[in-house]
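Student:
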Ligand SMILES: Cc1cc2nc3c(=O)[nH]c(=O)nc-3n(C[C@H](O)[C@H](O)[C@H](O)COP(=O)(O)OP(=O)(O)OC[C@H]3O[C@@H](n4cnc5c(N)ncnc54)[C@H](O)[C@@H]3O)c2cc1C
């Protein structure tokens, strides 16, 4: 699997604050191709972090529009700085972005659709809601947020879906009960999910528990913040005296490759599995942040996705690099 990227120049046209910590950006490519892109598509944006170029992905909000690409960025303060960079941009700023690409396959032939968004995960889901509402499909959107004031696009969604929009605001005591929700859905319902890793794990368990086929739960991840705090950890290399520190702002993949270990990679989102390496010993705890391994594989701790997963303490890995074979 190879993610092909075509970079194009663009201009930031306008920004709009949608909710505390969520800002919308309208970006117009110099040569805007107004043909529709698949629902759930995202673009990559070239950002600058500590003076270095990096890439961050953002889902396109809504269906294709002649005005340009709409994205919404949540400012993440405990982070390496990609979202802060986006928030520093002013209208008129020049940007390099990629053409839209989709990781979320929607089957439009189903009778019933259940959309689930957690927080900023509403961005790819809004376009799906728009397309399904326009088709007159049987669709419900469950939008889980901490509070209604933190929810982006509520008015737009309410106008689109009416009472088929259900907002689950945890501060209002209305938590999303995934077991009850999925148990109530007819078989062959297609569920589209985007939200944080914990909610995705809960959704996968509830989905299987309710007897639905796992491929009918389609999801998008935004790269995970994991279940443990992001902190430095140590990686010992099997059969060597080498021990590396992985600082909190760098991935294990980047540190290994900077030290000449040639770990292959592709998506850098914990989806493709190309950067998987063997774990020999764990002195601490692994925080699997990928969506590549099954729950069983994660529990067995025999392998780790070096691009996104982290640890607490020290782990010993075998990168299969042998000094005598180089
Ligand atoms: C397909 C796709 C679509 C996306 N769409 C959106 C969108 O619509 N809106 C949006 O706001 N975001 C979206 N994202 C996420 C976005 O690309 C960025 O990850 C986000 O803006 C945070 O970037 P950052 O540099 O500020 O934070 P990061 O440094 O990437 O940190 C993000 C989280 O990871 C943890 N973290 C910090 N350091 C590390 C590290 N070294 N290794 C691993 N984890 C670490 C942090 O604790 C934090 O919680 C999308 C991502 C993908 C892959």
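In the working numbering, the protein residues as written are 118 to 443. Note that the Cβ used here is the ideal one computed from N, Cα and C, for glycine as well.
From the DSSP output, which residues share a beta bridge with residue 368?
Tutor: In the DSSP output, where bridge partners are listed per residue, residue 368 has none listed.
Student: Please work out which residues of its chain come closer than 8 Å, Cβ to Cβ, to residue 263, disregarding the five sequence neighbours upstream and downstream, and give them in chain order.
Tutor: Answer for residue 263: 236, 286, 287 and 288, listed in chain order.
Student: Would residue 226 and residue 178 qualify as a contact pair, given that the criterion is a beta-carbon distance under 7 Å?
Tutor: The answer is no: Cβ separation not under 7 Å.
Student: Just to check, is the beta-carbon of residue 270 closer than 6 Å to a non-hydrogen atom of ligand 1?
Tutor: Not so, every heavy atom of ligand 1 lies at least 6 Å from the Cβ.
Student: Which residues mark the beginning and the end of the beta strand (DSSP E) in which residue 308 is found?
Tutor: Looking at the DSSP string, the run of the beta strand (DSSP E) that includes residue 308 is 307-311.
Student: Report buried or exposed for residue 137, applying the criterion of at least 16 other Cβ atoms within 10 angstroms of its Cβ.
Tutor: Flag for residue 137 reads exposed.
Student: Using a Cβ-Cβ distance under 7 Å, would residue 131 count as near chain C?
Tutor: No chain C is present in this structure, which holds just one protein chain.
Student: For residue 404, which residues from the same chain have a beta carbon less than 8 Å from its beta carbon, with the 5 sequence-adjacent residues on both sides left out?
Tutor: Within the same chain, residue 404 has close Cβ partners 343, 344, 345, 426, 427, 428 and 429.
Student: Would you kindly work out how many angstroms separate the C-alpha atoms of residue 385 and residue 210, rounded to a whole number?
Tutor: Going by the C-alpha atoms only, they are around 27 Å apart.
Student: Using three-state DSSP, classify residue 316 as helix, strand or coil.
Tutor: If DSSP states are grouped into helix, strand and coil, residue 316 belongs with the helices.
Student: Rounded to whole angstroms, what's the CA-CA distance from residue 381 to residue 370? Just pull it up for me.
Tutor: So the two alpha carbons sit approximately 9 Å from each other.
Student: Which residue's Cα is closest to the Cα of residue 230: 409, 368 and 259?
Tutor: Residue 230 has its Cα closest to that of 259, out of 409, 368 and 259.
Student: Would you mind giving the Cβ-Cβ distance between residue 208 and residue 129, rounded to the nearest angstrom? I have them listed as a contact below 8 Å.
Tutor: With 8 Å as the limit, residue 208 and residue 129 qualify as a contact, their Cβ atoms being about 6 Å apart.
Student: At a cut-off of 6 Å, would you count residue 431 as near ligand 1, judging by its Cβ distance to the nearest heavy atom?
Tutor: Every heavy atom of ligand 1 is 6 Å or more from the Cβ of residue 431, so no.
Student: Given this structure, state the Cα-to-Cα distance separating residue 300 from residue 320, to the nearest angstrom.
Tutor: If I take the Cα positions, the gap works out to 12 Å.
Student: Find out if the Cβ-Cβ distance for the pair residue 353, residue 431 is shorter than 7 Å.
Tutor: Contact: yes.
Student: Confirm the yes/no value for this check: CB of residue 402, any heavy atom of ligand 1, distance under 6 Å.
Tutor: Outside the cutoff, so no.
Student: Please indicate yes or no: does the CB of residue 176 lie closer than 6 Å to some heavy atom of ligand 1?
Tutor: Yes, Cβ of residue 176 sits closer than 6 Å to a heavy atom of ligand 1.
Student: Within this structure, are the beta carbons of residue 147 and residue 126 separated by less than 7 Å?
Tutor: Going by C-beta atoms, residue 147 is nearer than 7 Å to residue 126.
Student: Would you be able to state if there are at least three C-beta pairs under 8 Å between the segment 404-423 and the segment 354-361?
Tutor: Flag = no, the segment 354-361 and the segment 404-423 do not touch.
Student: Start and end of the alpha helix (DSSP H) containing residue 295?
Tutor: Residue 295 -> alpha helix (DSSP H) spans 295-300.
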